[in-house]
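So the structure is just underneath, and the comments pick up after that.
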Amino acid sequence: MARIVAVANQKGGVGKTTTAINLAASVASRGHRVLLVDFDPQGNASSGVGYTRDKVERSIYDALTGDATLAEVIRPTDIDTLFVAPATTDLVGAEIELISADSRERYLADALATVADQYEYIVIDCPPSLGLLTLNALVAADGVLVPMQAEYFALEGLSALTSTIDKVKAAYNPRLQIDGVLFTMFDARLSVANQVRAEVEKFFGEKVFGENIPRNVRLSEAPSHGKPVLLYDLRCAGTNSYLAVADEFLERELKYGLASAASRDAGAQP
Ligand SMILES: Nc1ncnc2c1ncn2[C@@H]1O[C@H](COP(=O)(O)OP(=O)(O)OP(=O)(O)O)[C@@H](O)[C@H]1O
Ligand SMILES: [Mg+2]
4 MARIVAVANQ KGGVGKTTTA INLAASVASR GHRVLLVDFD PQGNASSGVG
54 YTRDKVERSI YDALTGDATL AEVIRPTDID TLFVAPATTD LVGAEIELIS
104 ADSRERYLAD ALATVADQYE YIVIDCPPSL GLLTLNALVA ADGVLVPMQA
154 EYFALEGLSA LTSTIDKVKA AYNPRLQIDG VLFTMFDARL SVANQVRAEV
204 EKFFGEKVFG ENIPRNVRLS EAPSHGKPVL LYDLRCAGTN SYLAVADEFL
254 ERELKYGLAS AASRDAGAQP
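Per the numbering used here, the very first residue in the sequence shown carries number 4; after that it's consecutive.
Here it is in structure tokens:
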């Protein structure tokens with residue numbers, strides 16, 4: 004069974020999508036089978052791996068409404084072991100339509116359950132809100148990865164997210180936990196950045212990734228070419244830092260016993 008990670012932060016523009024694409028691609032490049040789920044109507048994770056609106060026939064919305072199975076929605080990418088369930092603006096409709104549905108918080112979890120045995124990791128890119136879509140992602144997930152920028156007030160936003168996570172854990176999903184906090188667009192020369200990092204570490208301890216993602220223009224260019232950064236520029240700082248984060252992520256999976264059954268089995272083979 005796949006381990007499911009939601010990349011979430013209700014604050015906009017903090018690097019959720021960049022992290023979802025490049026963590027998924029980096030983990031996949033290490034030989035793991037990974038499904039990237041675009042769960043944001045903006046569709047940026049989809050276009051970032053080559054599925055612009057015109058190339059999406061069936062989207063995650065169709066899997067939620069039952070018009071298609073999730074398996075029919077999933078598409079391959081330029082990386083052999085990376086797959087994507089694309090989203091389009093249709094997904095805005097789901098937020099409204101699901102409001103009156105029974106078990107409206109479980110639609111994504113139910114859809115992912117139909118494919119979970121085929122992947123080692125499933126990475127969900129969440130929209131910038133704590134609405135019904137993010138709730139569905141948190142109910143489906145085993146862990147949450149929180150990308151954040153090292154700015155003043157960042158901690159205030161984090162407390163809204165952690166209280167939502169606590170509520171989801173209590174009401175719907177007891178296994179949910181924070182897998183990690185990742186600093187994005189980090190500039191180590193700024194004292195504010197280091198101060199904020201130190202504050203967040205006081206609160207989250209070793210959940211904060213040791214690797215910070217620097218601001219790197221290649222990371223912002225790659226999506227317009229429909230590529231994860233490691234296929235766009237293998238040697239740039241953005242590629243190196245996301246590969247380092249992926250390795251840290253995989254190490255933690257082993258260390259904390261979080262490894263999915265599939266990767267445990269793979270590791271046990273001679
Ligand atoms: N490390 C980085 N270096 C340079 N640019 C970055 C970096 N990370 C993200 N960006 C750019 O910052 C912008 C916001 O990033 P991204 O789309 O990943 O954030 P987001 O949290 O998904 O946004 P939203 O809340 O709208 O979904 C994008 O233009 C992206 O290319
Ligand atoms: Mg995004």
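For glycine and all other residues, C-beta sits at the position ideal for the given N, C-alpha and C.
Nothing here was measured: the structure is a model prediction, and the numbers come from that model.
Using a cutoff of 7 Å, the CB of residue 47 counts as near ligand 2, since one of the ligand's heavy atoms is closer than that. Apart from sequence neighbours up to five positions away, the residues of its chain that approach residue 246 with a beta-carbon distance below 6 Å are 29, ordered along the chain. DSSP, reduced to helix, strand and coil, places residue 45 outside both helices and strands of the structure shown, so it counts as coil.
No heavy atom of ligand 1 is found nearer than 7 Å to the CB of residue 96. Boundaries of the alpha helix (DSSP H) harbouring residue 74: 73–76, taken from the DSSP string. Using a Cβ-Cβ distance cut-off of 8 Å, the region 146–164 and the region 75–82 are not in contact, since fewer than three pairs of beta carbons, one from each stretch, lie closer than that value. Approximately 5 Å separates the beta-carbon atoms of residue 115 and residue 143; this is inside 8 Å, confirming the contact. Set against 7 Å, the gap from the CB of residue 92 to the closest heavy atom of ligand 2 is not smaller. Within a 10 Å sphere around the beta-carbon of residue 174 sit fewer than 16 other beta-carbons, which makes this residue exposed. For the pair residue 167 and residue 228, the Cα-to-Cα distance works out to about 35 Å. Rounded to whole angstroms, the Cβ separation of residue 171 and residue 138 is 7 Å, and the two are in contact under 8 Å.
The beta-carbon distance between residue 148 and residue 10, rounded to whole angstroms, is 5 Å. This is short enough to meet the 8 Å contact definition. Going by DSSP, residue 241 is part of the alpha helix (DSSP H) stretching over 240–258.
Residue 181 sits in a strand when the DSSP states are folded into three classes. The continuous stretches of alpha helix (DSSP H) do not include residue 90, and DSSP gives it neither H nor E. Pairing residue 204 with residue 182, the inter-Cα distance amounts to about 14 Å. Sequence-distant Cβ neighbours of residue 21 in its own chain, meaning closer than 6 Å and more than five residues away, are 222. The residues 142, in chain order, have a CB closer than 6 Å to that of residue 176 in the same chain once the five nearest residues on each side in sequence are set aside. Distance from the CA of residue 241 to the CA of residue 8, rounded to the nearest whole angstrom, comes to 21 Å.
Look at residue 188: its beta carbon is less than 7 Å from one of the heavy atoms in ligand 1.
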